[in-house]
Amino acid sequence: MKKESKILYLPSLQGRQNKANNEMDDAGRTRGHGHHREMLTLKQETSDHHTLVDIANVAEEKEWSEEQLNETIENILSLLQEDDEQAKYYEVAVLLRDSFKHRYPSTTVFTALFMWVNYAFEIQPRVHKPSVMVAAMDYLFSTLDEGEAVSQQEIARRYDVSVAQLARRSQALVAYIETFLSKLNGDLSQSTSEANKIILEDDGYDEREHEIGLSHHAFSKVLPSERLNYILNHMLNDEDIDTVDDVHTDAWQEVFNQKVASLLNSGAIDQYEPKTRRQKAQMLLYDAWEAPTPREQKRLAKKALEIYPDAADAYVIFAEHANSLKKAHDYYLKGVQAGERDLGPEFFREKRGEFWGWIETRPYMRALAGYAETLYYMGRPEEAIKTYEAMLDLNPNDNQGVRYPLITAYLELEQYAKANRLLQRYIEDSAFYHFNRILIEYHLHGFTFKLKFKKLLTRAHQQNPYVIPYLLEEVLLPDVFPELMSDGDENEAIIYAMEHMHLWHEEEVLMEWLEETYMTLRK
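All residue numbers for the sequence shown refer to the UniProt record's numbering, where the first residue is 1 and numbers rise by one.
Set out below in structure tokens:
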């Protein structure tokens, strides 16, 4: 792989850098040009390193003086200052420099700006409040400090931002940095033809390590009932009982129910012997999902792949235990590709619109859901949206709940009309429906009578009275997602606030209205 010798990925920014070089005064050319060239080759020279600390160490190894480091920092800032369309990115950079220089060495300030400029122009994030992004960078770098760890609450207070905003931005930064460092290392995804090889090798997973912290996507988990349904489906098919086409007839339904009851009561389920390699692999994978340790789950997943290379659930299991976001993404992608080969194009054409109703689609749909989520956290929301939309096209009933991350992505990308159509497609009595309805109404129409007269907020508050205190930060959010929730309970409020608080806090006028209106609702 040919490595580019510039600090930023985009060619247009290299042009800005050249312009900045050309405009240096004669003294600057003499004193700093050689050092500036060293900065431009930093990306190439960090290709053998693996952490943010190592990026900073490159500067230390070169023994750059404090003056040279400060000059480099100002040069980085100049790249942003020239772009009037990205004024917010420059604001973040200046605030980052001013905040960091009093607490971190110059090498850390340089590293933070190096990462921010790359992140800003590659991902192009929306920045409403620069202090939120700086707080996230500060929290990230504080975790690398050898001193005492600083909590998110402390960082949030320091910058006068919410913990939820800080957590959201930090999560996105960590995801990007993992990808960024992989690019520096030339660690690209292996080709599809190597799909099995990557699994059959040890990826260095240590059970003492924590797994990657994706959201609570319950749709990646397998319920015990799925194994039973899988076995029943194949046993009934073996006896030529059509389990789908004729369910509308009462006579068939009665015969079907009698046969299922007979299989369950006879103990035949426990004696089930898979006949094909595909069935044998899937039964192993159901064992893997129920295995007590990650090591045992991976062992069974490897064994399943040896039996049937297109067993998508094996890749999902490896993704669930990946120790980096990029590895999880690669495994999910391989699972998607395996599922497509396994099912075949004709199956997709015939079963589109009723996909989840066919038990053999579940591993593929799990891989697809995980793939979409990793795309989102890697800073590729447009691709995540397309994947979620494709999932709803295959399965309009949305048994996996992908409408929830999809509507959040729509809102973040300001695609409010799409968000509204999706919301109206899945009308439900949940906090996600009622509170997102308020966000969409505000963005599409402003303060309409529905908002001014508290109609929507009153209904939302009646459905779940716990949400607004979390949005207003009268009650602090816990550090982890609840495992279970029900409509109207506090866990639902926590999960909604964790995933959407940043969307509310970006709108100061809306938050002022929420606080004032909530006071009247409490009376």
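All residues carry an ideal CB built from backbone N, CA and C; glycine is no exception.
Status (buried if at least 16 other CB within 10 Å, exposed otherwise) for residue i
{"i": "residue 159", "result": "buried"}
{"i": "residue 339", "result": "buried"}
{"i": "residue 298", "result": "buried"}
{"i": "residue 400", "result": "buried"}
{"i": "residue 448", "result": "exposed"}
{"i": "residue 131", "result": "buried"}
{"i": "residue 87", "result": "exposed"}
{"i": "residue 468", "result": "buried"}
{"i": "residue 519", "result": "exposed"}
{"i": "residue 500", "result": "buried"}
{"i": "residue 292", "result": "exposed"}
Span of the alpha helix (DSSP H), counted from its first residue to its last, around residue i
{"i": "residue 110", "result": "106-123"}
{"i": "residue 427", "result": "Run containing residue 427: none; DSSP gives neither H nor E here."}
{"i": "residue 393", "result": "381-394"}
{"i": "residue 160", "result": "Careful: residue 160 lies outside any alpha helix (DSSP H) and carries neither H nor E."}
{"i": "residue 533", "result": "Given a span of 1 to 523 for the chain in the structure shown, any question on residue 533 remains unanswerable."}
{"i": "residue 374", "result": "362-377"}
{"i": "residue 352", "result": "No alpha helix (DSSP H) contains residue 352, which DSSP labels as neither H nor E."}
{"i": "residue 519", "result": "508-522"}
{"i": "residue 504", "result": "490-505"}
{"i": "residue 88", "result": "87-100"}
{"i": "residue 325", "result": "325-343"}
{"i": "residue 461", "result": "455-463"}
{"i": "residue 317", "result": "312-320"}
{"i": "residue 359", "result": "Looking at the DSSP string, residue 359 is not in any alpha helix (DSSP H), and its letter there is neither H nor E."}
{"i": "residue 286", "result": "277-290"}
{"i": "residue 299", "result": "294-307"}
{"i": "residue 131", "result": "130-142"}
{"i": "residue 470", "result": "467-471"}
{"i": "residue 447", "result": "Residue 447 -> no alpha helix (DSSP H), and no H or E assigned at all."}
Top-ranked residue by Cα proximity to residue i, from the options
{"i": "residue 486", "options": "131, 470 and 466", "result": "466"}
{"i": "residue 329", "options": "370, 455 and 493", "result": "370"}
{"i": "residue 521", "options": "503, 478, 476 and 461", "result": "461"}
{"i": "residue 444", "options": "425, 393 and 418", "result": "418"}
{"i": "residue 128", "options": "491, 169, 111 and 103", "result": "169"}
{"i": "residue 333", "options": "365, 355 and 361", "result": "365"}
{"i": "residue 282", "options": "454, 308, 225 and 511", "result": "308"}
{"i": "residue 488", "options": "434, 442, 76 and 498", "result": "434"}
{"i": "residue 361", "options": "102, 509, 514 and 229", "result": "229"}
{"i": "residue 525", "options": "311, 455 and 476", "result": "This structure cannot speak to residue 525, because the chain is shown only from 1 to 523."}
{"i": "residue 324", "options": "420, 397, 171 and 454", "result": "171"}
{"i": "residue 451", "options": "420, 510 and 275", "result": "510"}
{"i": "residue 67", "options": "105, 99, 89 and 90", "result": "105"}
{"i": "residue 504", "options": "414, 463, 363 and 422", "result": "414"}
{"i": "residue 357", "options": "507, 233 and 335", "result": "233"}
{"i": "residue 326", "options": "337, 380 and 99", "result": "380"}
{"i": "residue 397", "options": "436, 102 and 352", "result": "352"}
Own chain, CB closer than 7 angstroms to residue i, minus 5 neighbours either side, in chain order
{"i": "residue 405", "result": "373, 376 and 388"}
{"i": "residue 432", "result": "404 and 496"}
{"i": "residue 156", "result": "135, 162, 163 and 166"}
{"i": "residue 29", "result": "Bear in mind that a pLDDT of 29 at residue 29, under 50, signals an unreliable position, so the number given afterwards is only what the model happens to contain. No residues qualify anywhere along the chain."}
{"i": "residue 116", "result": "92, 93, 96 and 137"}
{"i": "residue 153", "result": "163"}
{"i": "residue 331", "result": "315, 318, 319 and 322"}
{"i": "residue 524", "result": "The requested residue 524 is not part of the displayed model; the chain covers only 1 to 523."}
{"i": "residue 455", "result": "none"}
Beta-carbon spacing of residue i, residue j below 7 angstroms
{"i": "residue 319", "j": "residue 301", "result": "no"}
{"i": "residue 416", "j": "residue 440", "result": "yes"}
{"i": "residue 385", "j": "residue 367", "result": "no"}
{"i": "residue 73", "j": "residue 121", "result": "no"}
{"i": "residue 472", "j": "residue 512", "result": "no"}
{"i": "residue 394", "j": "residue 347", "result": "no"}
{"i": "residue 175", "j": "residue 498", "result": "no"}
{"i": "residue 422", "j": "residue 407", "result": "yes"}
{"i": "residue 464", "j": "residue 507", "result": "no"}
Sequence-distant residues of its chain with Cβ nearer than 6 angstroms to residue i (five each side left out)
{"i": "residue 27", "result": "For residue 27, the pLDDT reaches just 31, beneath the cut-off of 50, and the residue's location in the model is therefore unreliable, leaving the point undetermined."}
{"i": "residue 304", "result": "281, 284, 285, 311 and 314"}
{"i": "residue 442", "result": "510"}
{"i": "residue 119", "result": "176"}
{"i": "residue 150", "result": "142"}
{"i": "residue 211", "result": "Unreliable placement is indicated for residue 211, whose pLDDT of 39 sits below 50; the coordinate value is still reported in the next sentence. Taken in chain order, the residues that qualify are 321."}
{"i": "residue 274", "result": "280 and 283"}
8 angstroms CB neighbourhood of residue i in its chain, flanking five on each side removed
{"i": "residue 113", "result": "73, 76, 77, 93, 96 and 97"}
{"i": "residue 459", "result": "434"}
{"i": "residue 490", "result": "466"}
{"i": "residue 517", "result": "454 and 457"}
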